[in-house]
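Student: Counting from 1, one number per residue, gives the positions in the sequence shown under full-length UniProt numbering.
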Amino acid sequence: MGMDFSTLRTLISRYCAGEENWVDSRTVYIGHKEPPPGTEAFIQQRFPDNRIVSSKYTFWNFIPKNMFEQFRRVANFYFLIIFLVQLIIDTPTSPVTSGLPLFFVITVTAIKQGYEDWLRHKADNAVNKCPVHVVQHGKVTRKQSRKLRVGDVVFVKEDETFPCDLILLSSSRDDGTCYVTTASLDGESSHKTYYAVQDTKAYRTEKEVDSIHATIECEQPQPDLYKFVGRINIYMDNEPVARPLGSENLLLRGATLKNTEYIYAVAIYTGMETKMALNYQSKCQKRSAVEKSMNAYLVVYLCILISKAVINTALKYAWQADTNRDEPWYNQRTETERQRHVVIRAFTDFLAFMVLFNYIIPVSMYVTVEMQKFLGSYFIVWDDEMLDEELGERAVVNTSDLNEELGQVEYVFTDKTGTLTENNMEFIECCVDGHVYVPNVICNGQVMPGAGMDMIDSSPGPEAREREELFFRALCLCHTVQVKEEDTVDGIKQGIHQGKSTSFYISSSPDEVALVEGVKGLGFTYLRLKDSHMEILNRDDEIESFELLEVLTFDSVRRRMSVIVRDSRGELYLFCKGADSSIFPRVVSGKVEQVRARVEHNAVEGLRTLCVAYRPLSPEQYQEVCHQLSGAKLALQDRDKRLAEAYDQIEKDLILLGATAVEDRLQEKAADTIESLHKAGIKVWVLTGDKMETAAATCYASKLFHRNTQILELTTKRTEEQSLHDVLFDLSRTVLRQHGTLPRDNFSSLSGDCTDFGLIIDGATLSAVMRPDQEDSNSGNYKEIFLEICRNCSAVLCCRMAPLQKAQIVKLIKASKEHPITLAIGDGANDVSMILEAHVGIGIMGKEGRQAVRNSDYAIPKFKHLKKMLLVHGHYYYIRISELVQYFFYKNVCFIFPQFLYQFFCGFSQQPLYDTAYLTLYNISFTSLPILLYSLIEQHINMDILKKDPSLYRDIAKNSLLQWSTFIYWTVLGVYDAIVMFFGAYFLFDNTTFTSNGQMFGNWTFGTLVFTVLVFTVTFKLALDTHYWTWINHFVIWGSLIFFVVFSLLWGGIIWPFLNYQRMYYVFMQMLSSGPAWLSIILLITASLLPDVVKKVIWRALWPTTTERIQSADKLYKGQLSEFTPLASLHAPSKTSSHRRGSGNQGNAQNPRRSEPFNKKIMFTRWQKTPDYSTFTPLLRFADGSRHLRQGRAYGEAGPETSV
């Protein structure tokens, strides 16, 4: 009641205080000190302690909670119902037959989960009892981590881990900063800088820290590691001073203090409210296409089961319509049975038949599938070809539920920077008012650092030189780069003045490091940030100091950042840098056209461009800026929105200074990977925030676009000239005129008899296409038209994309009528949304943090590893699990259909055909291990061949091995085998001289004979489907058969005292003592397998797939096909594969080198007919892989109305 009253009091107090949004924030009292009287109401809030609980169970709730979780699975719950029915009514089979397999599955799972949870308990105890240092009454005391409370002031030393989420108050460093590694949180091993509160950073002793009188208001706990909003109210002379708090002040639990002797910080989130604990919860579950097929098959077999039970129940009562059959003299009913209502008797019989036939639903399939996915995922992790030695990183599997989905991908959505490119930026040039400068110029074979070369106009005059220096100062000041402290090696200090090639600048953005290092080559060196003063070294070796007043941080929506500085003369400047699309609209003066021309020139060459501008501020303007920013920064609600509005008001009326060009090289084998994906029938889309020209150049270099690709533009520039409606319909007519009214499939892009189309769309146009309410009522459905255009394009480039738009594109394709399987791959935080949206999300272990890796299903070191992940691992995973699913249903049809047929010969009396032991162990022991091993190591085609010929991927596309036709074939095959087994044994048993002494066999011998043929048939069937044989295959397959024989000999050769019946005694031995039994077993196995073998031989001879041709050729060449045989001749003749593009034999595009002669011109060409590309060979040198693209935009015309 006390806690309830406290909560009520808090609610009333907050409401009276006028805080309408009190639920969204909390107040923390530093050191648990009450605020001075009259300043604010003291409301003591209750927060959890610092105890971490990662375990799911306790000693008391383990059994009920674990049972509840396991029986939430449909299969487990189904078999529980069957087991209960067997206990309640008189069923033909023992409850052991259902109970034992269910008990085995439940027990094994419970033991596994219980052990894992015990390990979590053990780890939790170690963490919760770890000692921490807390400042109390001016002294540092020790307490256990679990006893920490919100408001405690914590003392942390170097290399110690933060025990909870803390706000940094002060550190041992003079500037109040500290360095932290967050590897355990997001995988980033680089040192990050965090900042102490400005008013408390000077407090360096326990007594000084204990004297702090302040409260912190901040948002309630939320899991985003990179977002925090709060403010601190510091009471000095009873007058509160408010300061904003952000993520740069927040030290997260799990991070480690580095290169800082000690810090003091206050706890604001503890225990399960820390961001690390809130990130324990997993992402939403994704389901693969195979799993959906498996569930659909399960429903079908459930319907078959119910149908069998209904048919048998009806036939039973039809059979018993004759009184002599209903109550034969040897089986009279009791009086109770006679008085029971016929409906109740019919329902009981229906349940009994359900129990008898329930084994058609494979109980062990789910366990086998889980084991196959879990164990199979290690093949990706262990693959040495997917190890990056430079990074020391292997592929990571975050979820094993989607392994087979890697073999079904139809669309790949990839980021550009850091995914296709290295994200290793190199400063190329800068342009100031039309004058171009490069950091190093080659003259007479010697490199001249720090020189400038004018490539457009004559050398700049004094006024222009002043603007040039202002531009270089802007580059030195407008960034968030930090200078790494000097390292001492063998007593010699190394630093930024030593002229070493090693970078001493660190930043979360490689672009910023490249710019700062590039401008250093032009004579201006950024030295350090000390006490809010930025120091730079100019060309005259003079140190200039600028006071850093404000930083307007970069975000992907605004696409720019700014700083406000004051120079030594007291003059105020706002320096801004960003994308040209975000800078040019805000510029009021400067040589805009000259700079714009250079920006477009560099973008066409594939360089990343940024524009730099400035704005002088008067003291009055600066005061207004401070007022706008302080109001936004102190807001607890909608801080990001208010800051964006403030930035928008501040970053205006700019004067353009110039632009920079940075090169981001293409990753090794990126072009080869994209080309292989195209050959595999996978469409590749590039989604990037870069300029269209820059991104298009990269697409050509990476062979996403080829020189025969006809480019369609759906951009803002086009929609300004024509309406969006007209542009969309023009493009639609263009592609449909070429390909007809039928949409192209994923593989038609490989046909040589039709033109390849490539689409380029920008973010603004995409927003117009996606807008639900169109202003023009006659516009039609833009999304459908857009999708129709995309279906007929071999590749699509989406540029100027915001992170949310990337996810929208993926969602749009997922929801299209074909429902294709999508894969998204990226390396940065801006790719997380599309990674989560796609069916399969892959993170690249790049240089933009580990957010993409943390949120992905799989993570790989480089883009090139995607080729093997899809074409090899994905191919194998899908082949294996498809066979597993079909085989499980097949062998259960073979198992239970003879039971169904047997009822016609036993008066529908629910007499089981098989013994209880065989019913129980069939799926658990006799047939489960061979298929599990098959699903782990089967390789139907050599790995090298799959890599060499990506088109083999198309043979498994569209879930081809789990189509309904294939499912029906396996089911019919199972029914056929069951009929052969049953009636073959039946007719053989009809011979009275089956044994040498003339003795007749009984029904248990009959059932044992059928079961023996069954076990050998389904095992041999798997052996015939196995292409990759190892010693372990032989051991498991033949070992399973030997185990069955040995078990049967022991089961029938010993009188078991715990059984109340001995009906199987000597049955198996008696059967084997008969020569005709041996012959019948051999004949029935052969008859069962022969049709499937004949069908495969005929199909391979007359209608072979590409995969089957490759298999046959590989056997002919004894496994050396991948080395000696041209694969093109082995493909099945088809329109798709017979017309290959000539680009297939092109090598991988090499990394570009700026040192090559620059002799390209920007050309704007409009063709009235199909262009002769040979005329433009100098412009298309990228096509032969010799170097990076350096060409202008080329436009052709496919028709009289549409420009492409």
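Beta carbons: idealized from backbone N, C-alpha and C, even for Gly.
Count the CB pairs spanning the stretch 884 to 897 and the stretch 284 to 298 that are closer than 8 Å, and state whether there are at least three.
Tutor: yes
Student: What's the call for residue 1069, buried or exposed, on a 16-neighbour Cβ count within 10 Å?
Tutor: exposed
Student: Report yes if the CB atom of residue 1018 is closer than 8 Å to the CB atom of residue 894, and no otherwise.
Tutor: Cβ distance < 8 Å, so residue 1018 and residue 894 count as in contact.
Student: Over the uninterrupted alpha helix (DSSP H) stretch that includes residue 121, give me the two end residues.
Tutor: 95 to 128
Student: Nearest to residue 931 by alpha carbon, out of 32, 369, 809, 343?
Tutor: 369
Student: Taking the continuous beta strand (DSSP E) assigned at residue 179, which residues delimit it?
Tutor: Run containing residue 179: 177 to 182, per the beta strand (DSSP E) assignment.
Student: How big is the Cα-Cα spacing for residue 356 and residue 308?
Tutor: 10 Å
Student: Is it buried or exposed, residue 1179, if we count other Cβ atoms within 10 angstroms and call 16 or more buried?
Tutor: In this prediction, residue 1179 scores a pLDDT of 31, lower than 50, which makes its location untrustworthy; no coordinate-derived value is stated.
Student: In terms of DSSP beta bridges, what is residue 907 paired with?
Tutor: Looking at the DSSP assignment, residue 907 forms no beta bridge with any residue, so it has no partner.
Student: In whole angstroms, what is the alpha-carbon distance linking residue 396 and residue 388?
Tutor: 12 Å
Student: Rounded to a whole number of angstroms, what is the C-alpha to C-alpha distance between residue 572 and residue 168?
Tutor: 30 Å
Student: Flag this pair as yes or no: are the beta carbons of residue 866 and residue 842 separated by less than 8 Å?
Tutor: In this structure, residue 842 lies closer than 8 Å to residue 866 by Cβ.
Student: Kindly identify the DSSP beta-bridge partner or partners of residue 732.
Tutor: Answer is none; residue 732 lacks a bridge partner.
Student: Would you kindly work out how many angstroms separate the C-alpha atoms of residue 677 and residue 248, rounded to a whole number?
Tutor: 42 Å
Student: On the three-state DSSP scale, how would you describe residue 648?
Tutor: helix
Student: Please work out which residues of its chain come closer than 6 Å, Cβ to Cβ, to residue 1005, disregarding the five sequence neighbours upstream and downstream, and give them in chain order.
Tutor: 1067, 1071
Student: Please tell me whether residue 667 and residue 862 are closer than 8 Å, where the distance is taken between their beta carbons.
Tutor: yes
Student: Is it buried or exposed, residue 118, if we count other Cβ atoms within 10 angstroms and call 16 or more buried?
Tutor: exposed
Student: What are the boundary residues of the alpha helix (DSSP H) that residue 349 is part of?
Tutor: 342 to 357
Student: Where DSSP assigns a beta bridge to residue 482, which residues make up the other side?
Tutor: 506
Student: Can we say the stretch 948 to 956 touches the stretch 970 to 990, given the rule of at least three CB pairs closer than 8 Å?
Tutor: no
Student: Anyone know if the C-beta pair for residue 809 and residue 413 falls short of 8 Å?
Tutor: yes
Student: Assuming residue 721 is part of the alpha helix (DSSP H), what are its boundary residues?
Tutor: 716 to 721
Student: With distances taken from CA atoms, which of 972, 75, 111, 146 is nearest residue 47?
Tutor: 146
Student: Which residue marks the beginning of the alpha helix (DSSP H) containing residue 553, and which one marks its end?
Tutor: First-last for residue 553: undefined, no H or E at that position.
Student: If you reduce the DSSP assignment to three classes, tell me which class residue 1154 lands in.
Tutor: Confidence in residue 1154 is poor, its pLDDT being 38 and thus under 50, which makes the residue's placement unreliable; the coordinate value appears in the next sentence. Coil.
Student: Which partner residues does residue 613 have in the DSSP bridge list?
Tutor: 576, 656
Student: Would you kindly work out how many angstroms separate the C-alpha atoms of residue 714 and residue 946, rounded to a whole number?
Tutor: 36 Å
Student: Go ahead and pull the three-state DSSP assignment for residue 1286.
Tutor: Residue 1286 lies beyond the range of the chain shown here (1 to 1204); nothing can be said about it.
Student: In its own chain, which residues sit with a C-beta less than 6 Å from the C-beta of residue 366, not counting the 5 before and 5 after it?
Tutor: Here the set comprises 75.
Student: Check whether the stretch 864 to 881 touches the stretch 904 to 923, taking contact to mean three or more Cβ pairs, one atom from each stretch, closer than 8 Å.
Tutor: no
Student: By a C-beta neighbour count over all protein chains shown, 10 Å radius and 16 as the cutoff for buried, is residue 321 buried or exposed?
Tutor: exposed
Student: For the putative contact between residue 1026 and residue 934, defined by C-beta atoms under 8 Å, what is the C-beta separation to the nearest angstrom?
Tutor: By a beta-carbon distance limit of 8 Å, residue 1026 contacts residue 934. Their separation comes to about 6 Å.
Student: Answer yes or no: do residue 513 and residue 481 have a C-beta to C-beta separation smaller than 8 Å?
Tutor: Residue 481 is positioned such that its CB atom lies closer than 8 Å to that of residue 513.
Student: Is residue 1111 buried or exposed, if buried means 16 or more other CB atoms sit within 10 Å of its CB?
Tutor: buried
Student: Give the C-beta separation of residue 610 and residue 470 to the nearest angstrom, bearing in mind that I take them to be a contact with Cβ-Cβ under 8 Å.
Tutor: Wrong, their Cβ atoms sit about 16 Å apart, outside the cutoff.
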